[in-house]
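Residue 258, in our numbering, is where the sequence shown stops; the numbers in between run on with no holes.
The beta carbon of each residue, even a glycine, is placed where N, CA and C say it ideally should be.
Structure first, commentary second.
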Amino acid sequence: MSQFDQIAFFWIGKDDLIPTYLVKSINLVYNRKVKIFHLTNFITKKIPGTTKTIRLNLSKDIMIARIQAYKNFTYNKNLTFFCDADSLLIQQLNLFDLKQDMYFVKRSENFIMNHMWPEYYPEFVNKNAIDLMPYLFGAMAFRNGKTFFSELLNTCLNLPERFHRWYGDQYSLAINLRKNVQKLNFLPIELYLKIVRKPVSKEEFNVLDYNKVKLITFKGISSKKFIHESYANLIHHYENKITL
């Protein structure tokens, strides 16, 4: 039996449109020959097109809930790629070509943190993003992440409660990875977590495909409205590839 790539995402809430586009894009790219896992609570609806919905008793705090979900994922010997739900897959990941047990993505954009948003964070005053949170949570891969995320959960739980609501996943990640930075394996951000903030046209998908970009993610609240249009253009891109 053929081995399928495994992709997992975390999503809770009533609005399931954003993760629906992610799942559609994954099935489009893989022609459904892929395993897709939705990590969630017992209330959120099933996302059509997923292989399995993994329901868990999760914290009401979103950062804690996400780490709990990753910790309790049903790992196996194969690598699983974890991604943000507000993303679109463009190319197959070919995870069986990756031989290490865990992979992370380094932040590339730097900026001064707004220490007043969405609430007051004294830790962020006059600090930049790369110094505080040099690794992103939006794309990572693990063969078995249970121990890693158990330790990450403990770190996050010991932070002030504001980090349980916002930033706690990446802030905890920076703390835990600081000791082992020389031993880390990285996926290039420009290929595995390319950030976009506008609709992606058919022509732009041609360029992204040529450059072997595998995943794009829509960064910022205002960019989520561009996912629908971009997905429609992704379909056209794949239709043109088939006819060529």
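* **M130 classed as buried or exposed, judged by whether at least 16 other C-beta atoms fall within 10 angstroms** => Here residue 130 corresponds to residue number 116 of the sequence shown, with the count starting at 1. M130 should be labelled exposed.
* Asked: Between the Cα of H251 and the Cα atoms of A83, L229, P132, L222, which residue gives the shortest distance?
  -> Along the sequence shown, read from residue 1 onward, the residue named residue 251 stands at position 237. Closest by C-alpha distance to H251, out of A83, L229, P132, L222, is L222.
* **C-alpha distance - L187 paired with L36, whole-angstrom precision** => What you label residue 187 is simply residue 173 of the sequence shown in a count that begins at 1. What you label residue 36 is simply residue 22 of the sequence shown in a count that begins at 1. Near 24 Å, if we compare the C-alpha coordinates of L36 and L187.
* According to the Cβ coordinates, are L207 and T231 closer than 8 Å? -> Here residue 207 is taken as the residue at index 193 of the sequence shown, counted from 1. Here residue 231 is taken as the residue at index 217 of the sequence shown, counted from 1. Cβ distance < 8 Å, so L207 and T231 count as in contact.
* Return the residue from the list R192, T64, N86, I32 that minimises the CA-CA distance to D145. => Locating residue 145 in the sequence shown gives position 131, where the first residue counts as 1. Minimum Cα distance to D145 is reached at R192.
* If you draw a straight line from the alpha carbon of M15 to that of Y89, how long is it in whole angstroms? -> Counted from its first residue, the sequence shown places residue 15 at position 1. Counted from its first residue, the sequence shown places residue 89 at position 75. Low confidence applies to M15: its pLDDT is 38, below 50, so where it sits in the model is not reliable enough to give any reading.
* To do: Quick one: residues in its chain with C-beta nearer than 7 Å to the C-beta of P132, no 5 flanking neighbours on either side, listed in chain order?
  => The residue given as residue 132 occupies position 118 in the sequence shown. Here the set comprises W180.
* **Among N172, I209, L229, A246, nearest to M77 - alpha-carbon criterion** => The count along the sequence shown starts at 1 and reaches residue 77 at position 63. The option with the nearest alpha carbon to M77 is N172.
* Taking only the alpha-carbon atoms, compute the straight-line gap between N142 and F118 and give it to the nearest angstrom. => Taking the sequence shown and counting its residues from 1, one reaches residue 142 at position 128. Taking the sequence shown and counting its residues from 1, one reaches residue 118 at position 104. Each residue's Cα considered, the two are about 20 Å apart.
* Burial state of P62 (16 or more Cβ within 10 Å) -> Locating residue 62 in the sequence shown gives position 48, counting from the first residue. Exposed.
* beta strand (DSSP E) containing Y260: first to last residue? -> Only positions 15 to 258 of the chain appear in this structure, which leaves residue 260 out of reach.
* Look up N142 in the DSSP assignment and give the residues it is bridged to. => In the sequence shown, residue 142 corresponds to position 128, counting from 1. I126, per the DSSP bridge assignment.
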